[in-house]
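Order-wise, the sequence lines are chains V and D.
In this text, residue positions in the first sequence follow full-length UniProt numbering: the first is 1, and each later residue adds one.
In this text, residue positions in the second sequence follow full-length UniProt numbering: the first is 1, and each later residue adds one.
Ideal placement from N, C-alpha and C gives every residue a C-beta, glycine not left out.
Protein chains: 2
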Amino acid sequence: FITSAKEAMSLLALVCLSICLSVFKITQKSCHATKPDMLNVHLVPHTHDDVGWLKTVDQYYYGDRNDIQHAGVQYILDSVVDQLLKNPDRRFIYVETAFFYRWWKRQDSSMKQTVQQLVNEGRLEFVNGGWCMSDEATTHYSAVIDQMTMGLRFLNDTFGVCGRPRVAWHIDPFGHAREHASMFAQMGYDGFFFGRLDYQDRYQRMMQKEQELLWRASDSLTPPMADLFTGILPNGYNPPDGFCWDQSCSDPPIRDDPDLEDYNVDDVVKRFLNIASSMVYKTNHIIMTMGSDFQYENANLWYKNLDKLIHYVNAQQDLGSRVNVLYSTPSCYLQELHRANLTWALKTDDFFPYADDAHDFWTGYFSSRPALKRYERLSNSNLQTCNQLEVLGGPTSTNGPFGKGDSQTMKKAMAVAQHHDAVSGTEKQHVANDYARRLATGWQHCQVLVSNGLAVLSGSTAQRFYCDYLNISVCPLTESSKKFSVNVYNPLGRPVTWPVRLPVNGTAYAVSDAAGTSVDCQVLPLSKDTHNVRRSRGFAVNELVFEVQAPPLGFSTYSVSLLQDGPLAASTQPRTPTAIQNKFLKVTFDPDTGLLSSFSNLETTQTIKLTQNFYWYNASDGNNSESIQPSGAYIFRPNSSTPFLISSTAKTEFIQTSVVQEVRQWFSPWVSQVVRLYAHSRTLELEWTVGPLPIHDDLGKEVITRIDTSIESSEIFYTDSNGREVLQRKKDFRPTWHLKQSEPIAGNYYPINSRAYIKDDVDQLTVVTDRSQGGSSIHNGSLEIMLHRRLLYDDVRGVAEPLNETSAIFPEGLVVRGRLLLSLDRPASAADKHRPLAQEMVLQPLLTFTDGDLHPDAKLEFSGLQAALPPAVHLLTLTQWDAQSVLLRLEHQFQSWESDVNSKPVTVNLQKLFSSLEVLGVSELNLSANQWKDEMKRFEWTPQNVPPTCRSVWEVTLKPMEIRTFLLRVRL
Amino acid sequence: FITSAKEAMSLLALVCLSICLSVFKITQKSCHATKPDMLNVHLVPHTHDDVGWLKTVDQYYYGDRNDIQHAGVQYILDSVVDQLLKNPDRRFIYVETAFFYRWWKRQDSSMKQTVQQLVNEGRLEFVNGGWCMSDEATTHYSAVIDQMTMGLRFLNDTFGVCGRPRVAWHIDPFGHAREHASMFAQMGYDGFFFGRLDYQDRYQRMMQKEQELLWRASDSLTPPMADLFTGILPNGYNPPDGFCWDQSCSDPPIRDDPDLEDYNVDDVVKRFLNIASSMVYKTNHIIMTMGSDFQYENANLWYKNLDKLIHYVNAQQDLGSRVNVLYSTPSCYLQELHRANLTWALKTDDFFPYADDAHDFWTGYFSSRPALKRYERLSNSNLQTCNQLEVLGGPTSTNGPFGKGDSQTMKKAMAVAQHHDAVSGTEKQHVANDYARRLATGWQHCQVLVSNGLAVLSGSTAQRFYCDYLNISVCPLTESSKKFSVNVYNPLGRPVTWPVRLPVNGTAYAVSDAAGTSVDCQVLPLSKDTHNVRRSRGFAVNELVFEVQAPPLGFSTYSVSLLQDGPLAASTQPRTPTAIQNKFLKVTFDPDTGLLSSFSNLETTQTIKLTQNFYWYNASDGNNSESIQPSGAYIFRPNSSTPFLISSTAKTEFIQTSVVQEVRQWFSPWVSQVVRLYAHSRTLELEWTVGPLPIHDDLGKEVITRIDTSIESSEIFYTDSNGREVLQRKKDFRPTWHLKQSEPIAGNYYPINSRAYIKDDVDQLTVVTDRSQGGSSIHNGSLEIMLHRRLLYDDVRGVAEPLNETSAIFPEGLVVRGRLLLSLDRPASAADKHRPLAQEMVLQPLLTFTDGDLHPDAKLEFSGLQAALPPAVHLLTLTQWDAQSVLLRLEHQFQSWESDVNSKPVTVNLQKLFSSLEVLGVSELNLSANQWKDEMKRFEWTPQNVPPTCRSVWEVTLKPMEIRTFLLRVRL
């Protein structure tokens, strides 16, 4: 019996082919010597290669569509390798593995050997190394960890330890999430560099020499586990003014032939020394990022001039200059900062929102492209199911009765979708389409895998149908079939109860569960909004609604039979009810307006006043002038701080059944909502449908829903960071500097990835979202969330398109539908509800369908776990790693302070975890699974000893907010 | 005694370091095999590097001012060499030695060895190889031969025989001069390719498969001496549409990774095959120029895609495709055309004017920037003097009493000035300024050499003053000195008589010649125009005028003493004389208008009616629309075919002295003229002063002078080609196709480099110009010459500036002054006058001054020749080649048909040529001095045997229009 999985796993043990033995040694060896008595200027040649933005990722790779933007990554890598070979002093860093991977697989073995050598010698250094440089405001930690893992695994597999990045590098994302820093720390990075932060913040930090800091990125994890040394780059990620020598720049090259005109060496040296001496940093080391977007396509230009710069500037040392300039990398620079052995400012909040000027808050993209944001989130859920079934279904899942399936296509699609111009919504329309298409293609590949996997687990090879348009009540099978079954796969580590809504044309159905027990079900008339948004893609007139339960990491199967086609039992009534309620919740309505008026938790006997309505901010149009900032894909800038009320009253319909009660509200032809309470739910669902936003008045619109309550929140509210830890927000306030607020709305917006809440001493109203959205609390007791944006002007940040989404099906403008789940709780126990609730929203059950009768031998229920995981533990990742092993991530999903019950360490026994998998060995990895955890050594920036803990290799303890990552050697 | 100079001259004997022994063998070896049964597509990777245009030559070299145009030649050469090394199949051609030289001298020895190897293997091939790609319409053959010699010599010295271009390559010049073809033939080129010709001509040639032709470029030289195979490139010099893969292009790259989106190999192959099969050429070989302006800065983009193109297109051969695509060069392509052994259309006229559409005649640049054109011409004269004195003065001339001087700086400045966007006037203003500055700097270097050389020859080291502004009567020395001497250096091989005009403030002077004999001289009041144009740069009120004589290739010295400061003896009279005349000529004036009315040659007793006046064409402004062509730097497009008369009458003054008679005419504040007849002159001088052209009316102006005569010229006129052979022009007619005339004025303009004439059976009126100008004969007996242009719109050919010349001294617009020399003769003997006259204009005497008394021992007269050359022989070149040898070019300056007396072979004895040089050996070279003449072997395109002639090595016979080039081994 092998207790460690390490020995059997070749890929992580891949030893460096050449000179280096440990990263520490490499760095030592490959960094150029600095001069302790001089100002050392670290020149870092780099390229910033967006994994899609103005062009698609493949267009960027090839250099296609250069009419849109000149950029061709294949040529960048060709050129840089060539130029590195010309002078061993030169250095380069590469960041985006999505591109590097594309390039690598087209190289011959001799080139591969050359590159390995450059990597081994530290001349080519990977930094960050994820598949992409993820967005920080709109991504979910689950997908970020996955994309980082994929990129870093490629580097590990390809280059071994010498290819492992030591530095995280988020030079472009538009604000920085604390959770990202936490993840980077847990991935083993020694430090983190970025380029964008609030202009007031930067000024303050420059004044106080605090552009380098120690980010304590978790209030729950024991330091230094989530501590990350963070450096703010001096000029974004660009070179100093006048020193851009890329082909895309027009700065004067160094003209050093005295026989030719315009000899300028003296001028260049003088300008450089001026700039270097004006930079304010703490040590005698400064960094200059010598590169920018898609630069180094012709690296010769850069290097030829940098060689000369170094030569001529250092030649001044003989004349008394105290400036020493050298080729460097972020890790070499970081090493020098570490050696300086100074103390660094501590930061515990985050870097949101980001403003680059007084009226330029990059808070619009928190909500831009809400449909893409939802599709990305849903795709993550589907991918996790796909990953799990690849493990649970074994080899047959990828090559089985339904053909060849794979999870890799969707993993890659999800990985590129995490890019900071992907799910962020800040790409051009055709690029957004490309991301969506990739996800769809990935899901097609996964569907085969899922069908195969479920066939293995259920013992049935009946054809399996997928209904991807259930949110608009389209599903050809259920619309026409008289008898079908629904497989409900639950990717969570706990059982789930879930409402199923199926488009049907019958008026009465019988539903039975896996045990054959009849299940309460109801047929409701389809809302007219759904008729409208589905266009001609479906023809159901009703919806069959019932609640299902599925076991952890498994499925349950429900059978549905048509009973009759006659008139509906349940019908809508054109009125507003006074209240709707179930055992747990009650909400009341104002009969005059049709709006919500109060919200009660019947279990805790809490009640708050609560009204909710829809508004739109009039987007600033920039007065058609470049000097005045318009709202756009990135930037939110309302023309007025007072949003327009769409309607003070709602037209309502009410429908009440044993399964669900719905109040359907119409506010305008383009805003409607269903207030929905399921019989067994502890959460109130608000299903909003917004669009097409009208633009015939030539006004850009940013639609919010605002919930106004009696909670005494005092302009304090809470938002999650990448779906994990929650941070406190306060209106017109920043924790680390005295804010001069210049945008009363946009300057108070924060990203909501999965939840936001307001609270006072007794009440906490939590809203769980189904996608990333921007939101704020502008007034006491109020919480607003931006749902949809339609803008008529570009916001002059490069995308060069107004965010004005249309499609072939919605030429008049996109209609978006989504859900908010509201819960009212006591603050001390609210997390006990919103934590699992948010995970259910993120990893929602996958419904698959088979037509006709179920095969009598079919297994109708399955759980991959021996038992449900404890409430505090989330099964974050279960995915096949190689033929023998699977990657498992377990997560403590509570912050240390948020639950009396759950914010405690919890222990799981890995050997007793799975029902169908025998775990033969286990080894713990860092978060990104590119290093054995016990071999992970990070620079210590604040000396602190964590005492070693001894326990059984099988006993895994998770402390609050911990994620632990394991490689399991398994047998089915 | 060595009769051949060859053995002693190392540079031309430089043997190839590597594999090649003869050019023929190289070509054989280095060209890729073709397939005789297929259509072979020769892909020729190339870059077109303007030696100045939108940026200066040094800015282009460095890649400076990329804000104006992205272009950096240093990087092009870096990149191409790198990429050639990556795949031995790849080929590249390089053209402009001005750039290659700049690059080469910055390379280390290992790179030099690498490049030599590439050249030896034919992977890097030099084509054309001159210092620049000269303009063909506005250059003088003397300067063109010099710049070609300089470029080709560098290649010879550097690379030996493998670096010798076999193909002339003028892909960009805007029309093609027959004399250029003649020169290229005599330089040993096997063929010539160009890209631009009249669109009607191209269409015709495409229809008739005559885009390849044999150009018989001289009516005097015995074929095939001036025969040149000429190929017209299929798409200018650009790649076919859709196949531009430079970084500056946006065509889709070949996307051949089936795993990525947008795989397009099938589409690319299909498009390529379509284009190839649509090209109409005579053989089964076609050429595609894969490059364009300043392309290949990142050669990887081109080559990576070309590699793929070749691979995928040729892969189709297995599927039956009959197209074979290969990397090639012009010489490899030419070799295949030669092997085809076909007959080719014969062409004896030229390719002027060039029109790219019906209203787009590139005939404006014949006259654009008249001041630069004159300065270039004058600089050539000064350079030839400088060259000669370097030979005659020996080593002291470059390092003597006045310091170190050199001719090389000016040679280079003149060489770049020959570029087709230099003297052509089609560059941006700042670039025009740079050319002028380079010429000025070159002349400063030469002045030291000239002073040293004259010190050697005269035995006097007295300080020598140069007066470069004599044309505007500025010369500080003569303005103030009471006693000074004038050294008149004559660079011609015959004695010269020349009028000297010196700005003075005295009113009477004594002048004596070298023998001490008194010389008739007169002091004239300075014209008010000169007062105006010199601005504050001089303060002379009078001009001292006298005629001097200088011996061949030597000087004579004149002493000048102030006699008195009192009132002027000669004064102007405010009237029009009836006539002015000397022994040879008489011109009459119309007293009512002040205009010329007749012109008589008293020796031949010819008289013609002749009026002359000034007009302006109203430049088309393109209606501010891109679709309508405006006049610009390149294009002449008058708004109306009828020019505006500036004034029907001239205000006149008359002054009559024994030395000169002048009628000063004022037509407007911006047009004046002096009609001038010197006592001993057989030519009438018209000194025009035009400018600043007024633009307050927002009308662009193109000023001409028109001479209307009684000559029955029937719309036939004659213009020279690059200052050498004269071609007949006929209004609205082209010799090789039926012209559809769409621009009655611009479509009849031709370049005049040194002369134009009209004639009938008895009279020929010849106008010799002092610079290149455009001109035409629109009416019977009429000849018009464009003098100055000022335009308010860009003509959309890339220069992106209106041709609107101003300067610090002339902020209101440039004033230009020049001279036309008119002679009236019998047609059969007119050339006897205009040939030497034009040479005197081109190689005019250089005046230098010393202050005070002459040293009593000073040698006041010197001739470097034992005797004057025969009238038919022009001393074209005498320049130091290396320490032991000098380069000599002798030229027969008459066409075979133009003179009864002089159009005959003439013999010169080289050993008896020089007075101060002992000629120890002689070897004859080709015209560009990069090959021994007897080793020059060219492809024979029309089989024809020239019987060998036997004669003494010293006896050199020149047949009409022959230039012969010798390397002489000499001793002073």
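| message | Given this structure, state the Cα-to-Cα distance separating V:Ala-514 from V:Leu-454, to the nearest angstrom. | response | Working through the first sequence from its first residue, we reach residue 514 of chain V at position 514. Working through the first sequence from its first residue, we reach residue 454 of chain V at position 454. So the alpha carbons of these two residues sit roughly 15 angstroms apart.
| What are the uninterrupted segments assigned as alpha helix (DSSP H) that are 4 or more residues long and contained completely in the region 68 to 103 of chain D, given in chain order? | Whole alpha helix (DSSP H) segments, 4+ residues: 73 to 86.
| request: Could you please give me the residues that DSSP links to D:Asp-293 through a beta bridge? | output: Residue mapping note: residue 293 of chain D aligns to position 293 of the second sequence, counting from 1. The beta-bridge partner set that DSSP reports for D:Asp-293 consists of D:His-48.
| Whose Cβ in chain D lies nearer than 9 angstroms to the Cβ of V:Gln-247? | The count along the first sequence starts at 1 and reaches residue 247 of chain V at position 247. Taking the beta carbon of V:Gln-247 as reference, the chain D residues within 9 angstroms of it are Gly-63, Asn-66, His-70, Gly-72, Tyr-75, Gln-247, Glu-297, Asn-298, listed in sequence order.
| field | C-alpha gap between D:His-855 and D:Gln-661, whole angstroms | value | Counting from one through the second sequence, the residue named residue 855 of chain D turns up at place 855. Counting from one through the second sequence, the residue named residue 661 of chain D turns up at place 661. Taking the straight line from one Cα to the other gives about 35 angstroms.
| query | So, do the region 852 to 869 of chain D and the region 789 to 801 of chain D have three or more beta carbon pairs nearer to each other than 8 angstroms? | reply | Segments in contact, no.
| query | Just to confirm, are D:Ser-462 and D:Thr-441 a CB contact at a threshold of 8 angstroms? | reply | By 1-based counting over the second sequence, the position of residue 462 of chain D is 462. By 1-based counting over the second sequence, the position of residue 441 of chain D is 441. Note that residue 462 of chain D corresponds to Ala in the displayed sequence, not to Ser. No, the Cβ-Cβ distance between D:Ala-462 and D:Thr-441 is not below 8 angstroms.
| Grouping DSSP H, G and I as helix and E and B as strand, with all else coil, what is V:Cys-31? | Reading the first sequence from its first residue, position 31 is the one you call residue 31 of chain V. V:Cys-31 falls in the coil class under three-state DSSP.
| message | For V:Met-38 and V:Cys-332, what's the separation of their Cα atoms in angstroms? | response | Mapped onto the first sequence, residue 38 of chain V falls at position 38. Mapped onto the first sequence, residue 332 of chain V falls at position 332. Cα to Cα, V:Met-38 sits roughly 16 angstroms from V:Cys-332.
| task | Could you check which residue in D:Thr-604, D:Leu-693, D:Val-41, D:Thr-222 has the C-alpha nearest to that of residue 1005 of chain D? | result | The structure shown does not extend to residue 1005 of chain D, since chain D is modelled only from 1 to 972, so the question has no answer here.
| So, is V:Met-187 buried or exposed, given that buried needs 16 or more other C-beta atoms within 10 angstroms? | Residue numbering aside, residue 187 of chain V sits at position 187 when the first sequence is read from its first letter. The residue is buried, with at least 16 neighbouring Cβ atoms inside 10 Å.
| task | Find the nearest neighbour of D:Thr-363 within the set D:Phe-229, D:Phe-584, D:Phe-352, judged by alpha-carbon distance. | result | Here the question's residue 363 of chain D lines up with position 363 in the second sequence. Measuring from the Cα of D:Thr-363, the nearest candidate turns out to be D:Phe-352.
| task | Sort D:Ala-371, D:Gly-622, D:Arg-91 by Cα distance to D:Gly-122 and report the nearest one. | result | Here residue 122 of chain D corresponds to residue number 122 of the second sequence, with the count starting at 1. Minimum Cα distance to D:Gly-122 is reached at D:Arg-91.
| Going straight from the alpha carbon of V:Ala-340 to that of V:Thr-283, what length do you get? | One-based indexing of the first sequence puts residue 340 of chain V at position 340. One-based indexing of the first sequence puts residue 283 of chain V at position 283. If you take the alpha carbons of V:Ala-340 and V:Thr-283, they lie about 7 angstroms apart.
| query | With contact counted as at least three CB pairs below 8 angstroms, one residue from each stretch, are the region 358 to 377 of chain D and the region 429 to 443 of chain D in contact? | reply | Two segments are said to touch when three or more pairs of C-beta atoms, one from each, lie closer than 8 angstroms; by this definition the region 358 to 377 of chain D touches the region 429 to 443 of chain D.
| said: Below 9 angstroms on C-beta distance, what does D:Arg-102 contact in chain V? | reply: To locate residue 102 of chain D, count along the second sequence from 1; it is residue 102. In chain order: Asp-257, Asp-259, Leu-260.
| V:Thr-56: contacting residues in chain D (beta-carbon distance under 9 angstroms) | As a first step, residue 56 of chain V must be located in the first sequence, where it is residue number 56. Going along chain D in sequence order, the residues near V:Thr-56 (Cβ under 9 angstroms) are Glu-261, Asp-262.
| query | Within 10 angstroms of its Cβ, does D:Gly-195 collect 16 or more other Cβ (buried), or is it exposed? | reply | Position 195 of the second sequence, counted from the start, is the residue given in the question as residue 195 of chain D. That one is buried.
| message | Taking the beta strand (DSSP E) that V:Trp-131 belongs to, which residues open and close that run? | response | Counting from 1 along the first sequence, the entry for residue 131 of chain V is found at position 131. First-last for V:Trp-131: undefined, no H or E at that position.
| field | Beta-carbon proximity of V:Arg-369 to V:Ala-432, cut-off 8 angstroms | value | For the purposes of this step, residue 369 of chain V is identified with residue 369 of the first sequence, where counting begins at 1. For the purposes of this step, residue 432 of chain V is identified with residue 432 of the first sequence, where counting begins at 1. Their beta carbons are under 8 angstroms apart, which means V:Arg-369 touches V:Ala-432 by this criterion.
| query | At a CB-CB cut-off below 7 angstroms, which residues of chain D make contact with V:Asp-82? | reply | On the first sequence, position 82 is the one that residue 82 of chain V refers to. By Cβ distance, chain D contributes Asp-82.
| For D:Ser-512, which residues from the same chain have a beta carbon less than 8 angstroms from its beta carbon, with the 5 sequence-adjacent residues on both sides left out? | Reading the second sequence from its first residue, position 512 is the one you call residue 512 of chain D. Around D:Ser-512: Ser-518, Val-519, Tyr-558, Ser-559.
| What in chain V is Cβ-close to residue 1027 of chain D, meaning under 8 angstroms? | Missing from the structure shown is residue 1027 of chain D; chain D here goes from 1 to 972 and no further.
| Between the region 674 to 682 of chain V and the region 710 to 726 of chain V, do three or more beta carbon pairs fall short of 8 angstroms? | Contact fails: fewer than three Cβ-Cβ distances are below 8 angstroms.
| task | State the Cα-Cα distance for the pair V:Thr-957 and V:Leu-910, rounded to the nearest angstrom. | result | If you number the first sequence from 1, residue 957 of chain V lands on position 957. If you number the first sequence from 1, residue 910 of chain V lands on position 910. Computed Cα separation, rounded: 10 angstroms.
| Since D:Ser-896 contacts D:Pro-960 with CB under 8 angstroms, what's their CB separation in whole angstroms? | Residue mapping note: residue 896 of chain D aligns to position 896 of the second sequence, counting from 1. Residue mapping note: residue 960 of chain D aligns to position 960 of the second sequence, counting from 1. Sure, about 4 angstroms apart at Cβ, within 8 angstroms.
| query | Out of curiosity, what's the CA-to-CA distance linking D:Asp-538 and D:Gln-564? | reply | Stepping through the second sequence from its first residue, residue 538 of chain D is reached at position 538. Stepping through the second sequence from its first residue, residue 564 of chain D is reached at position 564. Before going further, note that residue 538 of chain D is Gly rather than Asp in the sequence given. Looking at the two C-alpha atoms, the distance is approximately 20 angstroms.
| So D:Arg-709 packs on D:Ala-756, CB below 8 angstroms; how close in whole Å? | Walking along the second sequence from the start, residue 709 of chain D turns up at place 709. Walking along the second sequence from the start, residue 756 of chain D turns up at place 756. Inspection of the sequence shows that residue 709 of chain D is occupied by Thr rather than by Arg. Your pair D:Thr-709 and D:Ala-756 does not check out as a contact, with CB atoms roughly 13 angstroms apart and the cut at 8 angstroms.
| field | Presumed contact (8 angstroms Cβ cut-off) between D:Gly-52 and D:Glu-427, rounded CB distance | value | As a position in the second sequence, residue 52 of chain D is number 52, starting the count at 1. As a position in the second sequence, residue 427 of chain D is number 427, starting the count at 1. Their Cβ separation, rounded to whole angstroms, is 6 angstroms, which keeps D:Gly-52 and D:Glu-427 in contact under 8 angstroms.
| query | Of all the options V:Val-816, V:Asn-601, V:Ser-923, V:Leu-765, which has the alpha carbon lying nearest to the alpha carbon of V:Leu-787? | reply | Counted from its first residue, the first sequence places residue 787 of chain V at position 787. Considering only alpha carbons, the answer is V:Val-816.
| query | Which same chain residues, not among the five before or five after D:Glu-924, have their C-beta less than 6 angstroms away from its C-beta? | reply | By 1-based counting over the second sequence, the position of residue 924 of chain D is 924. Only Lys-933, Phe-966 meet the Cβ criterion.
| message | By the DSSP assignment, the alpha helix (DSSP H) with V:Met-961 in it spans what residues? | response | Counted from its first residue, the first sequence places residue 961 of chain V at position 961. Note, V:Met-961: premise wrong, no alpha helix (DSSP H); not H, not E.
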